[in-house]
Structures are given as structure tokens and as C-alpha cells.
Amino acid sequence: MLSTNEYFDGKVMSIAFEGPDGPVTSGVMAPGEYTFSTSQNELMKVTCGELVVRLPGSSDWQPFPAGTEFSIAAGLSFDLKVSKTTAYLCFYS
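Under our numbering, think of the first position of the sequence shown as 115, with each following residue one higher.
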């Protein structure tokens, strides 16, 4: 079953589904700055564009272009800067 999610006044949208190893979302982010909190462990894979991320516990911003990934543990928050429309897959565990 598919379900849709919308955040930040429609600037971030995703479709959620059940993958073979657990929940997954496929989404798109419009340019902007966002803060997300996690309730589960997340593996973010950038598929198109680029996310610039400030990971939990860091003051540095790191670029993650298409083809790269990063992980965030459950119960944390992270900040994103998006300069161009960017697509991602997020795997939850």
C-alpha cells in the first residue's frame, strides 16, 4: 500500500511503501532549508540533485550529491540545505 506525505507547505513530498527490508520513502525536496527529526534509524540515499547536511553533533555542513548516502540514528534531528530540486530514497529501520 502506498501513502503520501507532505511537509513544509508542500516543499517536501514523499511516497511511503513497504520494501523487502522495511519501510521506505521516495521523495523530492524543493529548494529551501529544513530540519527533520527521526523516530527510527534512517539511511538517506540522494538519487538526483544534492543535499547539504549538518549531521547531529556537528557544526559543519557536508554536501551529499546524487549517488551518495548518509545515516541518522533514531531520536535525533538534522538540518538540510537544498539549492536545487533534489530526489531521495529513505530507508527506515
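Don't be surprised by glycine CBs; every beta carbon is placed ideally from N, CA and C.
Tell me which residues share the same chain as Phe178 and place their Cβ nearer than 7 angstroms to its Cβ, disregarding the 5 neighbours each side in the sequence. Counting only Cβ-Cβ distances below 7 angstroms, and skipping sequence neighbours, we find Val160, Glu164, Leu165, Val167, Phe184.
Who are the Cβ neighbours of Pro137 in its own chain at under 7 angstroms, not counting the five residues just before and after it? Result list for Pro137: Ala130, Tyr206, in chain order.
Terminal residues of the continuous beta strand (DSSP E) containing Lys125? From DSSP, Lys125 is part of no beta strand (DSSP E); its letter is neither H nor E.
Quick one: what's got a C-beta closer than 7 angstroms to Cys162's C-beta in the same chain, skipping five residues either side? Taken in chain order, the residues that qualify are Ala180, Thr200, Ala201.
Whose C-alpha, out of Phe122, Leu116, Leu169, Ile186, is nearest the C-alpha of Ser140? When only C-alpha atoms are compared, the closest one is Leu116.
Enumerate in chain order the residues of its own chain whose CB-to-CB distance from Ser191 is below 8 angstroms, with the five nearest sequence positions on each side excluded. Excluding sequence neighbours, Ser191 sits near Thr149, Phe150, Ser151, Thr152, Pro170.
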